[in-house]
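Worksheet: one structure, shown below.
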Amino acid sequence: MKKILSIMLAAAMALSLTACNNSSASSESSNYSTSSESSGSSAAESPADSGAAASTAESQAPAESGDGQLLSNPIALNSEGDIDMDTALAYETDYEAMKAYFESREVDPTKPVSENAQTNEKTMEVWNYLRSVYGKQVITCQQMMGNECYEDLVFYNATNDLTAMKGYDFIFCTGSYHSDDMIDEAIEWSKESGGLCAFTWHWNVPKDIDNPEGGYAFYTSEITNFSQVNAVTPGTKEYETVIHDIDLIATKIQRMESEGVTILFRPLHEASGAWFWWGLQGRDSATNEVFQKLWYMIYDRLENYHKLTNIIWVWNGQNPHTAIHPNAFDIEGIDRYYDQEDISAEALSTYYEKCYGELAGYDKYCAELAGMESTGKMMALTECGYIPDPEGIKAANTMWLYYMVWNGDFIYETDAAGKAMVDLNGTPHPNPKKGITNEMLAEYFSNDLYITHNKLPEFSFGVREIPQQIKNWEYFRIG
Numbered sequence: 000m001k002k003i004l005s006i007m008l009a010a011a012m013a014l015s016l017t018a019c020n021n022s023s024a025s026s027e028s029s030n031y032s033t034s035s036e037s038s039g040s041s042a043a044e045s046p047a048d049s050g051a052a053a054s055t056a057e058s059q060a061p062a063e064s065g066d067g068q069l070l071s072n073p074i075a076l077n078s079e080g081d082i083d084m085d086t087a088l089a090y091e092t093d094y095e096a097m098k099a100y101f102e103s104r105e106v107d108p109t110k111p112v113s114e115n116a117q118t119n120e121k122t123m124e125v126w127n128y129l130r131s132v133y134g135k136q137v138i139t140c141q142q143m144m145g146n147e148c149y150e151d152l153v154f155y156n157a158t159n160d161l162t163a164m165k166g167y168d169f170i171f172c173t174g175s176y177h178s179d180d181m182i183d184e185a186i187e188w189s190k191e192s193g194g195l196c197a198f199t200w201h202w203n204v205p206k207d208i209d210n211p212e213g214g215y216a217f218y219t220s221e222i223t224n225f226s227q228v229n230a231v232t233p234g235t236k237e238y239e240t241v242i243h244d245i246d247l248i249a250t251k252i253q254r255m256e257s258e259g260v261t262i263l264f265r266p267l268h269e270a271s272g273a274w275f276w277w278g279l280q281g282r283d284s285a286t287n288e289v290f291q292k293l294w295y296m297i298y299d300r301l302e303n304y305h306k307l308t309n310i311i312w313v314w315n316g317q318n319p320h321t322a323i324h325p326n327a328f329d330i331e332g333i334d335r336y337y338d339q340e341d342i343s344a345e346a347l348s349t350y351y352e353k354c355y356g357e358l359a360g361y362d363k364y365c366a367e368l369a370g371m372e373s374t375g376k377m378m379a380l381t382e383c384g385y386i387p388d389p390e391g392i393k394a395a396n397t398m399w400l401y402y403m404v405w406n407g408d409f410i411y412e413t414d415a416a417g418k419a420m421v422d423l424n425g426t427p428h429p430n431p432k433k434g435i436t437n438e439m440l441a442e443y444f445s446n447d448l449y450i451t452h453n454k455l456p457e458f459s460f461g462v463r464e465i466p467q468q469i470k471n472w473e474y475f476r477i478g
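Under numbering that gives the first Met the number 0, the first residue of the sequence shown is numbered 0, with each subsequent residue one higher.
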């Protein structure tokens with residue numbers, strides 16, 4: 000009977016996969032586009048004390064911290080539940096004031112750059128934990144995509160454990176396809192499993208700003224008419240799109256704030272390349288003013304206008320031309336996909352050392368904006384294609400705050416159509432081409448360098464338990 004139930008469960012999971020394929024994505028290097036049809040006053044001299052969001056009759060209530068404490072400003076919505084653009088456009092970022100504010104403060108890497116975050120006990124609990132383990136241990140993280148969570152099943156099947164942190168994406172929150180699935184999953188992971196949460200943003204914009212019905216994309220190659228310069232220029236269509244999207248993301252972050260969820264937020268990632276519309280795209284100026292303006296606009300609206308309290312900022316520009324002031328981020332990250340056949344600890348040790356050296360170089364450019372030699376910020380391997388060998392990390396002395404492996408076939412085997420290859424009980428097959436085997440996972444997850452889910456402390460914002468989905472799968476597991 001149990002075997003029959005297992006087969007039934009596998010069939011149900013297969014149906015779930017089919018349903019979730021509309022919201023699935025592959026690696027950064029492959030097609031990750033969702034190109035379906037579409038989706039005042041200035042900052043004061045001290046931006047942290049300015050920019051209270053105006054409310055309207057349709058504004059949503061202020062967020063609460065999960066225990067009834069009111070936190071960030073209400074976000075003005077229209078009668079249809081979308082961003083009230085008249086209110087949103089009344090606030091503009093004063094870039095010179097932002098720069099002056101950053102320059103007026105000492106760089107203190109022991110505290111979050113967000114003064115709002117310093118008032119949120121749950122955010123500070125996460126922050127203090129990150130600071131306490133940095134340089135001593137490495138937090139394991141897995142990028143998720145699709146609520147079947149096959150990556151989790153691979154890990155748990157081999158180790159009875161999961162990664163300590165999961166990576167999510169705001170990709171489905173803007174553009175034409177709207178889904179809060181990842182927001183729901185992050186809240187559940189934080190509250191019901193006591194796990195840590197990271198978010199990136201593959202930012203979909205109109206392929207043609209003059210024809211929004213023509214679809215949305217974030218890859219530069221798919222966008223025909225969307226000016227990055229206009230995106231930071233008030234009065235343009237691109238600017239209005241950007242303002243709308245930032246404020247829309249703010250509503251998602253505010254919802255997580257109300258549930259007591261802190262996020263490590265990594266906007267405008269991999270800006271060193273031209274593959275995303277926010278990237279450098281061949282510019283060779285000493286500093287990329289457009290990128291800086293876009294970063295400061297996001298920071299200003301989330302921190303000073305909406306006054307969100309649950310963000311830890313991750314800069315992933317990985318280029319001197321995307322350097323921003325160190326008072327505008329908390330963690331520096333580098334994304335690197337190792338494409339060599341040799342994945343031995345020795346080979347990877349050399350590779351990690353090279354990546355760490357590159358990131359230290361990028362740190363120098365940010366530090367120069369503050370007249371420093373180094374920012375002293377925590378450093379992370381914010382995306383990678385292999386689970387790093389912990390012994391390789393030790394040998395290279397590259398003590399990342401965390402690593403995050405990409406999803407899908409970076410972890411499990413897939414068929415020609417990109418579907419997960421699973422057993423009758425719905426268990427996906429580890430992908431040996433990426434070095435993933437049950438034996439390797441058991442060895443790595445048990446290494447004292449790595450902080451896994453089982454090794455996390457009990458945080459006040461959640462109960463450290465295995466997700467219900469894993470419990471359900473485990474009950475029907477065969478053999």
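We put the beta carbon where it would ideally sit given N, CA and C, even for glycine.
Original post:
Counting pairs of Cβ atoms below 8 angstroms between the region 224-244 and the region 155-163, do you hit three or more?
Top reply: no
Subject >> the region 108-124 touching the region 386-406, judged by at least three CB pairs closer than 8 angstroms >> reply: no
**OP:** Along the beta strand (DSSP E) that carries L380, what are the first and last residues, could you check?
**Re:** Locating residue 380 in the sequence shown gives position 381, where the first residue counts as 1. It spans 377-383 - the beta strand (DSSP E) in which L380 sits, taken as one unbroken run.
Original post:
Taking DSSP as the reference, what is the three-state secondary structure of M403?
Top reply: To locate residue 403, count along the sequence shown from 1; it is residue 404. Note: M403 maps to strand in three-state DSSP.
Original post:
So is D456 buried or exposed if we call it buried at 16+ other beta carbons inside 10 Å?
Top reply: Residue numbering aside, residue 456 sits at position 457 when the sequence shown is read from its first letter. Per the sequence shown, the amino acid found at residue 456 is Pro instead of Asp. Burial is judged here by how many other beta carbons sit within 10 angstroms of a residue's own beta carbon; P456 has fewer than 16 and is exposed.
**OP:** Can you give me the Cβ contacts of Y350 inside the same chain, cut-off strictly under 6 angstroms, excluding the 5 residues immediately before and after it?
**Re:** Taking the first residue of the sequence shown as position 1, residue 350 is located at position 351. Closer than 6 angstroms at the Cβ level, and outside the excluded window around Y350, lie Y337.
Original post:
What do you get for E372, buried or exposed, if any count of 16 or more other CB atoms within 10 angstroms of its CB means buried?
Top reply: For the purposes of this step, residue 372 is taken as residue 373 along the sequence shown, with counting starting at 1. When all chains shown are included, E372 counts as exposed.
Subject >> Straight-line gap, A87 to L307 (C-alpha atoms, nearest Å) >> reply: Here residue 87 refers to the residue found at position 88 when the sequence shown is read from its first residue. Here residue 307 refers to the residue found at position 308 when the sequence shown is read from its first residue. Roughly 16 angstroms separates the two Cα atoms.
**OP:** With a threshold of 7 angstroms, establish whether the CB of K306 neighbours any heavy atom of the ligand PLP.
**Re:** Here there are no bound small molecules, and the ligand PLP is not part of this structure.
**OP:** Whole angstroms is fine: what's the gap from M469's alpha carbon to L380's?
**Re:** Here residue 469 is taken as the residue at index 470 of the sequence shown, counted from 1. Here residue 380 is taken as the residue at index 381 of the sequence shown, counted from 1. Reading off the sequence, residue 469 comes out as Ile, not Met. If I take the Cα positions, the gap works out to 27 angstroms.
**OP:** Starting from the Cα of D414, find the closest Cα among W294, N315, P429, I245 and give me that residue.
**Re:** Indexing the sequence shown from 1 puts residue 414 at position 415. Comparing Cα-Cα distances from D414 to each of W294, N315, P429, I245, the minimum goes to P429.
Original post:
If you run the structure through DSSP and keep just helix, strand and coil, what is I310?
Top reply: Here residue 310 corresponds to residue number 311 of the sequence shown, with the count starting at 1. Strand at I310.
Original post:
Relative to the alpha-carbon of E258, which residue among S459, Q467, E473 has its alpha-carbon at the smallest distance?
Top reply: Residue numbering aside, residue 258 sits at position 259 when the sequence shown is read from its first letter. Answer by Cα proximity: S459.
Subject >> Element boundaries [alpha helix (DSSP H), containing K165] >> reply: Position 166 of the sequence shown holds residue 165. It is not in any alpha helix (DSSP H) - K165 instead sits in the beta strand (DSSP E) that spans 164-168.
Original post:
What's the call for P387, buried or exposed, on a 16-neighbour Cβ count within 10 Å?
Top reply: Locating residue 387 in the sequence shown gives position 388, where the first residue counts as 1. So P387 ends up on the buried side.
Subject >> Where the alpha helix (DSSP H) through Q253 begins and ends >> reply: Locating residue 253 in the sequence shown gives position 254, where the first residue counts as 1. From DSSP, the alpha helix (DSSP H) with Q253 extends over 236-257.
Subject >> Nearest to L129 (by Cα), restricted to the options E357, W399, K433, D408 >> reply: Looking up residue 129 in the sequence shown gives position 130. Residue W399 is the option with its Cα nearest to L129.
Original post:
Per the contact definition of three or more C-beta pairs closer than 8 angstroms, is the region 207-215 in contact with the region 223-232?
Top reply: yes
Original post:
Between the C-alpha atoms of Y238 and P431, what's the straight-line distance to the nearest angstrom?
Top reply: The count along the sequence shown starts at 1 and reaches residue 238 at position 239. The count along the sequence shown starts at 1 and reaches residue 431 at position 432. Near 46 angstroms, if we compare the C-alpha coordinates of P431 and Y238.
Original post:
Thinking C-beta only, is Q317 closer than 8 angstroms to D334?
Top reply: If you number the sequence shown from 1, residue 334 lands on position 335. If you number the sequence shown from 1, residue 317 lands on position 318. Pairing D334 with Q317 gives a Cβ-Cβ distance under 8 angstroms.
**OP:** Take every Cβ of the region 130-142, pair it with every Cβ of the region 395-411, and state whether three or more of those distances are shorter than 8 angstroms.
**Re:** yes
Original post:
Does DSSP put Y411 in a helix, a strand or coil?
Top reply: Counting from 1 along the sequence shown, the entry for residue 411 is found at position 412. Strand, per DSSP.
Subject >> Own chain partners of H268 with C-beta closer than 6 angstroms, once the 5 adjacent residues on each side are dropped >> reply: Here residue 268 corresponds to residue number 269 of the sequence shown, with the count starting at 1. These residues qualify, in order along the chain: T199, N315.
Original post:
With 8 angstroms set as the bound, which would you pick, yes or no: does the beta-carbon of A197 sit closer than that to a beta-carbon of chain C?
Top reply: Given the protein chain composition of this structure (a single chain), no chain C is represented.
**OP:** Would you kindly work out how many angstroms separate the C-alpha atoms of E147 and K418, rounded to a whole number?
**Re:** For the purposes of this step, residue 147 is taken as residue 148 along the sequence shown, with counting starting at 1. For the purposes of this step, residue 418 is taken as residue 419 along the sequence shown, with counting starting at 1. Roughly 12 angstroms separates the two Cα atoms.
**OP:** Would you kindly check if the distance between the Cβ of K376 and the Cβ of E331 is under 8 angstroms?
**Re:** As a first step, residue 331 must be located in the sequence shown, where it is residue number 332. As a first step, residue 376 must be located in the sequence shown, where it is residue number 377. Taking 8 angstroms as the Cβ cut-off, E331 and K376 qualify as a contacting pair.
Original post:
Can you name the residues that DSSP bridges to D207?
Top reply: Taking the sequence shown and counting its residues from 1, the one referred to as residue 207 is at position 208. Paired residue(s): N224.
Original post:
What do you get for S71, buried or exposed, if any count of 16 or more other CB atoms within 10 angstroms of its CB means buried?
Top reply: Counting from 1 along the sequence shown, the entry for residue 71 is found at position 72. Buried: at least 16 other Cβ atoms inside 10 Å.
Original post:
Looking at A197 and G482, is the spacing between their C-beta atoms short of 8 angstroms?
Top reply: Here the chain comprises residues numbered 0 to 478, so residue 482 is not present and cannot be evaluated.
Original post:
Counting along the chain, where does the beta strand (DSSP E) carrying C140 start and finish?
Top reply: Here the question's residue 140 lines up with position 141 in the sequence shown. Unbroken beta strand (DSSP E) run through C140: 137-142.
Original post:
Under a Cβ-count criterion, where at least 16 other Cβ atoms within 10 Å of its own Cβ denotes burial, should G425 be classed as buried or exposed?
Top reply: In the sequence shown, residue 425 corresponds to position 426, counting from 1. By the 10 Å Cβ count, G425 comes out buried.
Original post:
Do the CB positions of A157 and L440 come within less than 8 angstroms of each other?
Top reply: Start at 1 with the first residue of the sequence shown, and residue 157 comes out as number 158. Start at 1 with the first residue of the sequence shown, and residue 440 comes out as number 441. When the beta-carbon positions are compared, A157 and L440 come within less than 8 angstroms of each other.
**OP:** In angstroms with no decimal places, state the Cα-to-Cα distance between Q339 and C383.
**Re:** Along the sequence shown, one-based indexing puts residue 339 at 340. Along the sequence shown, one-based indexing puts residue 383 at 384. When only Cα atoms are considered, Q339 and C383 end up about 13 angstroms apart.
Original post:
Below 8 angstroms between beta carbons: does that hold for E191 and E464?
Top reply: On the sequence shown, position 192 is the one that residue 191 refers to. On the sequence shown, position 465 is the one that residue 464 refers to. It is a contact, given that the beta carbons lie within the stated cut-off.
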